[in-house]
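Enquirer: In our numbering, the protein residues as written are 250 to 583. The C-beta atom is built at its ideal place from N, Cα and C for all residues, glycine as well. Let me begin by handing over the structure; questions about it come next.
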């Protein structure tokens, strides 16, 4: 399905975009991959890296400087594109809190621009990346991503019978990604710190790798029919166990929970459970709108989950041990 297709990734020079591009070139034969982002330096670094890693396929890459706020540039970039992966966003919670208007312009207005350009340019499918912070949001970043998710789901009402199919993929912090706790702890230990800082000893997270994230997006590209929110099944871990895995003979220092930070990651709320189906290694949340119906949009083979159930890292039924975490951390590309 992905062979001989033109794929565009907004925010494509980030961690996800680089991993997605790498897996596309390793496992598929895309016609063209467009890296759409506003950071020319990161694009240049990525181009040099992929020229060395994929000398025979680097000619398939196109680097577009552009912002999702710029609708005209999106219209130009989307010409002839089959699939769009929307990964661009303002993601840093403190930055969004201090610059709320800018967060809205990128995360909400940018999402609407993506939708308008995709519908008008007759893109076949759009997959938008979401976050656990969009679930019961307590910070502006989560609030803007909740609105963005709603826009992408509801936009299927405008597609008609043969138009653009839009879906959402939701996951939490990616283990080992830029700005996450593992590279932060590694940096701290490298500088000689003996006590690792933890905001709250009760804190838990889901273990999610970039490979998991990319595979879930590929699944959405291959299977989505419109309006779905895909959630991968992940084991949970305690943040204190990450500290023990990386610094077994050291101590931790509780520094207090930060503004806008949650104790646990929640991917599916109890209210969403009524429209959530279990498909083995992942869940799909289906929308509850007048335009949505099972005949056109539902994927067979799923099992409706129990009403009132919640997918939360603090109440998950699968947990990683300190030893498992130590082994998995050693395999991360940091």
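Run the CB neighbour count on residue 397, radius 10 Å, all protein chains shown included, and call it buried at 16 or more, exposed below.
Expert: Its Cβ being crowded by 16 or more others within 10 Å, residue 397 is buried.
Enquirer: DSSP on residue 444, reduced to helix/strand/coil?
Expert: Residue 444 falls in the strand class under three-state DSSP.
Enquirer: Classify residue 431 as helix, strand or coil using the three-state DSSP reduction.
Expert: In this structure, residue 431 counts as helix in the three-state DSSP scheme.
Enquirer: Under DSSP, the alpha helix (DSSP H) around residue 401 begins and ends at which residues?
Expert: Looking at the DSSP string, the run of the alpha helix (DSSP H) that includes residue 401 is 389 to 403.
Enquirer: Would residue 421 pass as a contact of residue 452 if the rule is Cβ separation under 7 Å?
Expert: In this structure, residue 452 does not lie closer than 7 Å to residue 421 by Cβ.
Enquirer: In the DSSP assignment, what are the bridge partners of residue 378?
Expert: Answer is 418, bridged to residue 378.
Enquirer: What's the call for residue 308, buried or exposed, on a 16-neighbour Cβ count within 10 Å?
Expert: That one is exposed.
Enquirer: When burial is assigned at 16 or more other CB atoms within 10 Å of the CB, is residue 385 buried or exposed?
Expert: So residue 385 ends up on the exposed side.
Enquirer: Tell me, please, whether the stretch 560 to 567 touches the stretch 507 to 516 by the rule of three or more beta-carbon pairs shorter than 8 Å.
Expert: Result yes; three or more Cβ-Cβ pairs closer than 8 Å.
Enquirer: When the Cα of residue 503 is compared with those of 541, 446, 474, which residue comes out closest?
Expert: Of 541, 446, 474, the residue nearest in Cα terms is 446.
Enquirer: Going by C-alpha to C-alpha distance, which of 442, 283, 455 sits closest to residue 574?
Expert: Residue 455 is the option with its Cα nearest to residue 574.
Enquirer: Taking contact to mean 3 or more Cβ pairs, one atom from each stretch, closer than 8 Å, check whether the stretch 360 to 372 and the stretch 406 to 413 are in contact.
Expert: Short answer: they touch.
Enquirer: DSSP has residue 333 in a bridge; who is on the other side?
Expert: Looking at the DSSP assignment, residue 333 forms a beta bridge with 257, 375.
Enquirer: Tell me where the beta strand (DSSP E) around residue 300 begins and ends.
Expert: Looking at the DSSP string, residue 300 is not in any beta strand (DSSP E); the run it does join, the alpha helix (DSSP H), is 289 to 302.
Enquirer: Apart from the five residues just before and just after residue 437, which ones in its own chain have a Cβ nearer than 8 Å to its Cβ?
Expert: Excluding sequence neighbours, residue 437 sits near 445, 446.
Enquirer: Between the Cα of residue 302 and those of 270, 466, 393, spot the shortest distance and give me the residue it belongs to.
Expert: Comparing Cα-Cα distances from residue 302 to each of 270, 466, 393, the minimum goes to 270.
Enquirer: Counting along the chain, where does the beta strand (DSSP E) carrying residue 532 start and finish?
Expert: Note, residue 532: beta strand (DSSP E), 531 to 534.
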